[in-house]
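Undergrad: Sharing a structure below in structure tokens format, with a few things to ask.
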Amino acid sequence: MDTEVRIGVVGATGAVGTVTLALLAERGYEHVRAFASARSAGSKLPFGGDGLVVEEATHEALGAGDVDLFLFSVGTTASRALVPVAARAGAICVDKSSTYRLVDGYPLVVPEVNGARAVEALDGDRIVANPNCCTIPLTCVLKPLHDEAGLARVHVSTYQSVSGAGAQRMTTLGYEPPGEHDLTMDWTWEGDESDEEAKLRAETRKILELPQLPISATCVRVPVMIGHSEAVWVELESALAAEDAAELLRGAPGLRVLDLPEVPTPRSAAGSDDVLVGRIRRDQATENGLALYLSCDNLRKGAALNAIQIAELLLAGVSVRV
Ligand SMILES: NC(=O)c1ccc[n+]([C@@H]2O[C@H](COP(=O)([O-])OP(=O)(O)OC[C@H]3O[C@@H](n4cnc5c(N)ncnc54)[C@H](OP(=O)(O)O)[C@@H]3O)[C@@H](O)[C@H]2O)c1
12 MDTEVRIGVV
22 GATGAVGTVT
32 LALLAERGYE
42 HVRAFASARS
52 AGSKLPFGGD
62 GLVVEEATHE
72 ALGAGDVDLF
82 LFSVGTTASR
92 ALVPVAARAG
102 AICVDKSSTY
112 RLVDGYPLVV
122 PEVNGARAVE
132 ALDGDRIVAN
142 PNCCTIPLTC
152 VLKPLHDEAG
162 LARVHVSTYQ
172 SVSGAGAQRM
182 TTLGYEPPGE
192 HDLTMDWTWE
202 GDESDEEAKL
212 RAETRKILEL
222 PQLPISATCV
232 RVPVMIGHSE
242 AVWVELESAL
252 AAEDAAELLR
262 GAPGLRVLDL
272 PEVPTPRSAA
282 GSDDVLVGRI
292 RRDQATENGL
302 ALYLSCDNLR
312 KGAALNAIQI
322 AELLLAGVSV
332 RV
């Protein structure tokens, strides 16, 4: 890990950006700059001893060529405008919006699942996409199961915290009745499913390189501050006993398997780098079926941490090539 690398965090004032700064400080990075919109330029954010003064993310600032790595956590409109400017100036860019996730030629990476794909960006536009906060933990669980017994079909139901909708939404939890946090506030309809459900399917297929995988999702926002949970039903090509699946997942990177009476909860996942997995059992409704439950800190492994892990793979790739 090269702590001398010059890093720009764009969207630094947001829910993901503030966690990104905290994780970078934890990991010993020192040359970090914070960028956001003109609204918060000049404000101060905690970082190390002195904190950071927020700079406006102008084309001039991002295109100056004096930053090695940009971590973007802004919305799609801002990403579309700003990421190419930074990449053209030679920086490695990890983008957490959905802008590049499903575009051919841009790696969509969960390091534990398809980390080798990240370095492909070094031969392309130097842009890597970070998946949706529910896709990341789901693929961490599905990959070892697929490698062992083949995925035939996946059903997933999500229980997503309000921080998944950004810092502004977090300020309203507790002041509005929980019913106000319904999914129509955050997601749009694509036919009869939400864009979140469509993303979860398409991104999972791309990361696992299983373009035909049957996968059906129901995504729901719940009145929880931090931590997304998912109930997952997996149908496998060949039989895998629940105890064997638990052992398999226990040995998989990024996962912490909990045994009853411990179960994954958003409270226990919040602040943890691991995806918590539990309730691993036979799905009584399907042949070769398994059911399980997971919880994950959507701001850490679901966003900021995953992006930093991608960046560290890329930086290692850069130094190997030099
Ligand atoms: N929250 C999650 O769990 C999560 C997980 C995975 C991916 N993501 C993705 O990460 C991105 C950020 O999410 P978030 O939850 O952190 O949102 P957020 O809390 O609303 O933060 C948005 C950030 O973007 C900045 N921004 C907005 N417009 C900008 C512009 N034109 N130029 C520069 N900066 C601009 C904001 O700065 P100001 O303070 O100046 O407005 C703020 O720092 C989104 O694309 C989201 O889909 C979020």
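Counting in our numbering, the sequence shown runs from 12 upward without gaps.
Where is the CB? At the ideal position from N, CA and C, for every residue including glycine.
1) So for glycine 74, helix, strand or coil by DSSP?
2) Count the other C-beta atoms from every protein chain shown that fall within 10 angstroms of the C-beta of histidine 166, then say buried if there are 16 or more, exposed otherwise.
3) Return yes when the Cβ of valine 288 is within less than 7 angstroms of the Cβ of leucine 305, no when it is not.
4) Using only the heavy atoms of ligand 1, determine whether one of them is closer than 6 angstroms to the beta carbon of leucine 310.
5) Which value, in whole angstroms, describes the spacing of the CA atoms of glutamate 207 and glycine 177?
6) What did DSSP end up calling glutamate 246 once you bin it into helix, strand or coil?
7) According to the neighbour-count rule (16 or more other Cβ atoms, all chains shown, within 10 Å of its Cβ), is glutamine 320 buried or exposed?
8) So, is alanine 49 buried or exposed, given that buried needs 16 or more other C-beta atoms within 10 angstroms?
9) Tell me whether glycine 19 sits in a helix, a strand or coil according to DSSP, three-state version.
10) Just checking cysteine 151 against ligand 1 - is the residue's beta carbon closer than 6 angstroms to any of the ligand's heavy atoms?
11) By alpha-carbon positions, which one of Ala163, Leu133, Arg311 ends up nearest to aspartate 284?
12) Are valine 105 and leucine 82 close, meaning C-beta to C-beta below 7 angstroms?
13) In terms of residue numbering, what span does the beta strand (DSSP E) encompassing alanine 302 cover?
14) From the DSSP secondary-structure annotation, give me the bridge partner or partners of glutamine 179.
TA: Taking the coordinates as given:
1) The sequence position of residue 74 within the sequence shown is 63, counting from 1. Coil at glycine 74, not helix or strand.
2) Your numbering for residue 166 matches position 155 in the sequence shown. Buried, since its Cβ has 16 or more Cβ neighbours within 10 Å.
3) Against the sequence shown, residue 305 aligns to sequence position 294. Against the sequence shown, residue 288 aligns to sequence position 277. Cβ distance < 7 angstroms, so leucine 305 and valine 288 count as in contact.
4) Residue mapping note: residue 310 aligns to position 299 of the sequence shown, counting from 1. Yes, since a heavy atom of ligand 1 falls inside the 6 angstroms radius drawn around the Cβ of leucine 310.
5) Sequence index remark: in the sequence shown, residue 207 carries index 196 (1-based). Sequence index remark: in the sequence shown, residue 177 carries index 166 (1-based). The alpha-carbon atoms of glutamate 207 and glycine 177 are separated by roughly 15 angstroms.
6) Residue 246 sits at position 235 when you count from the first residue of the sequence shown. Correct three-state label for glutamate 246: strand.
7) As a position in the sequence shown, residue 320 is number 309, starting the count at 1. Its Cβ being crowded by 16 or more others within 10 Å, glutamine 320 is buried.
8) Along the sequence shown, one-based indexing puts residue 49 at 38. Counting Cβ neighbours within 10 Å, alanine 49 comes out exposed, since fewer than 16 surround it.
9) Numbered from its first residue, the sequence shown carries residue 19 at position 8. Glycine 19 falls in the strand class under three-state DSSP.
10) In the sequence shown, the residue the question calls residue 151 occupies position 140. No.
11) Within the sequence shown, the letter at position 273 stands for residue 284. Checking every option, the nearest Cα to that of aspartate 284 belongs to Arg311.
12) Position 94 of the sequence shown, counted from the first residue, corresponds to residue 105. Position 71 of the sequence shown, counted from the first residue, corresponds to residue 82. For valine 105 and leucine 82, yes; Cβs fall inside 7 angstroms.
13) Taking the first residue of the sequence shown as position 1, residue 302 is located at position 291. 300 to 307 is the extent of the beta strand (DSSP E) around alanine 302.
14) Reading the sequence shown from its first residue, position 168 is the one you call residue 179. Paired residue(s): none; glutamine 179 is not in a bridge.
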